Structures are given as C-alpha cells and as structure tokens.
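Using my numbering, the letters of the sequence shown map in sequence onto residues 1 to 224. The beta carbon of each residue, even a glycine, is placed where N, CA and C say it ideally should be. All figures in this text were calculated on a predicted structure; none of them were measured in a lab. Everything below concerns the one structure shown next.
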Amino acid sequence: MTDTSLGAVLSAGLQALNLSCPLEVQARLLDYVRLLHKWNRVYNLTAVRDPAQMVTRHVLDSLAVTPFLDDALTDTAVHGRILDVGAGAGLPGIPLALLSAGPHPEREFVLLDSNSKKTRFMQQAVMELGLPGVRVAHARTEDFDAGQGFDVVISRAFAAVADMLAGAGQHCRPGGMIMAMKGADPAAELSNLPAGFELEGVYPLQVPGLDEARHLVCLRREMN
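Structure below.
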C-alpha cells in the first residue's frame, strides 16, 4: 500500500473517531507505522504485518480511548502523568503521546515493558519521532518505581483486569484512573476485583475499519 493510501486510511479513521489531528501529527503517526513495520521484520514486535492493518489495529485502536483519557485528566492540577503498562511496541502510549503533544504538551508518558527488544524499539521510536515528554522504562511491572504515582495507568491487552490491578494498581495515585483496553465484553473479569478500586464503567469502543468488539474498563483507585 502506498503512503498516500495509508494516509487516507488514517485520515478517514481519525475523522470517524471525531479526533482533531493536524497533518503534521498524521505524518508522524505514519512515520511510527513505517518504523514499526521495518523493525517488525527482524524483531517480531507484533503479529500484524500489513502497514494498513497496523494503522487500523494499532494506531486507531489506541486513539479510540482519547476522549476517556482527556476526561480522566481534566481535573489534574498541573499536568497529567500516564503510565503505559506492558507497552510492547509502544501501544497505546506512542499514538496517544503524538496526538497529545500539540494540545497537551505538559503530559508525561512512561512506556513500561520487561522485554528488552521491545524497549529498544520504543526508545528508537521516541527518539526518531521527537517525543521529549515520553520516557521508556525497562522493568517488570512489580519492580518499577512509580514515585508518587501516575494520574492514569493504562494497558492494552496486557492481562486480566484483576491481574493488572494486582501488579500495576500500586502505580496509580490515590484518586487516579486505571484503564484496561479489552476485546470482548470483559464482564466476567470484573467479579473478583481486589479491594481499593472502584469500577467507574465499561465502555464499548468503535474502531474504524475494525469489525471486532473493543471495550474500555475504567476503574478509580480509592483515596487512602
């Protein structure tokens, strides 16, 4: 598929998601797809091989949570700190950071993964895409030092919700939001949640060009 065709898929998808995205940012999103496609030939970062499918299944799928991320950070006093747990090839963190860079340059993203080949790719992508507000961390979730905690902890197809909370819930500040991006309706995963977290909602997501179920689980970490 040509660059023009890839750009058309991305542009149409962004319009369907009702997301405002300058042409410069669209170009950088496509740069990310090209870089992922190049590295994937050697490092097997994702099972998705086709660049057009990468736009749909990775970029647009990641950006579908943008309104929920914006809402979660509305009341943040200074700036938003977002932790992407099990970020893999930088998803959803890198697309979200690219889209946020213009309207929300104060946001800080940390992309966390324990796989060294994936963190090497993410470091290269962050450098080539020029994302000063993004840091890559190579560590196991349970060993990561989150400092004072993050406003939002997000994951995409990382683990069952209860397992995510058990491993990464500690990295969310009290009152902060945990977002788990899931496929099919995750109701069965929500019956045995650990104490200290309140379910805010389960929201169906519509990803343009993807005829598969997508859901976002939002949980609030209770105040101490």
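Inter-residue spacing [alpha-carbon to alpha-carbon] between residue i and residue j
i: residue 108; j: residue 84; result: 11 angstroms
i: residue 132; j: residue 94; result: 12 angstroms
i: residue 175; j: residue 3; result: 43 angstroms
i: residue 49; j: residue 37; result: 7 angstroms
i: residue 72; j: residue 177; result: 7 angstroms
i: residue 10; j: residue 128; result: 20 angstroms
Residue i, DSSP secondary structure in three states
i: residue 109; result: strand
i: residue 212; result: coil
i: residue 135; result: strand
i: residue 140; result: coil
i: residue 176; result: strand
i: residue 164; result: helix
i: residue 58; result: helix
i: residue 13; result: helix
i: residue 63; result: helix
i: residue 20; result: coil
i: residue 99; result: helix
N-terminal and C-terminal residue of the beta strand (DSSP E) that residue i is part of
i: residue 155; result: 150 to 156
i: residue 50; result: Counting along the chain, residue 50 falls outside any beta strand (DSSP E), and DSSP gives it neither H nor E.
i: residue 199; result: 197 to 204
Nearest candidate by alpha-carbon position, reference residue i, set the options
i: residue 31; options: 102, 69, 44 and 125; result: 125
i: residue 112; options: 105, 129 and 134; result: 134
i: residue 150; options: 168, 52 and 114; result: 168
i: residue 139; options: 66, 221, 61 and 86; result: 86
i: residue 157; options: 88, 172 and 141; result: 88
i: residue 58; options: 162, 181 and 192; result: 181
i: residue 34; options: 92, 79, 7 and 137; result: 7
i: residue 101; options: 18, 28 and 60; result: 28
i: residue 130; options: 110, 141 and 98; result: 98
Residues bridged to residue i (per DSSP)
i: residue 7; result: DSSP output for residue 7 lists no bridge partner at all.
i: residue 171; result: Paired residues: none, contrary to the question.
i: residue 94; result: Note: residue 94 sits in no beta bridge, so no partner.
i: residue 226; result: Lying before the first or after the last residue shown, residue 226 is absent from the chain, which here runs from 1 to 224.
Limits of the alpha helix (DSSP H) - the one that residue i falls within
i: residue 37; result: 23 to 43
i: residue 83; result: Residue 83 -> not in any alpha helix (DSSP H); beta strand (DSSP E) instead, spanning 81 to 85.
i: residue 127; result: 116 to 129
i: residue 72; result: 66 to 72
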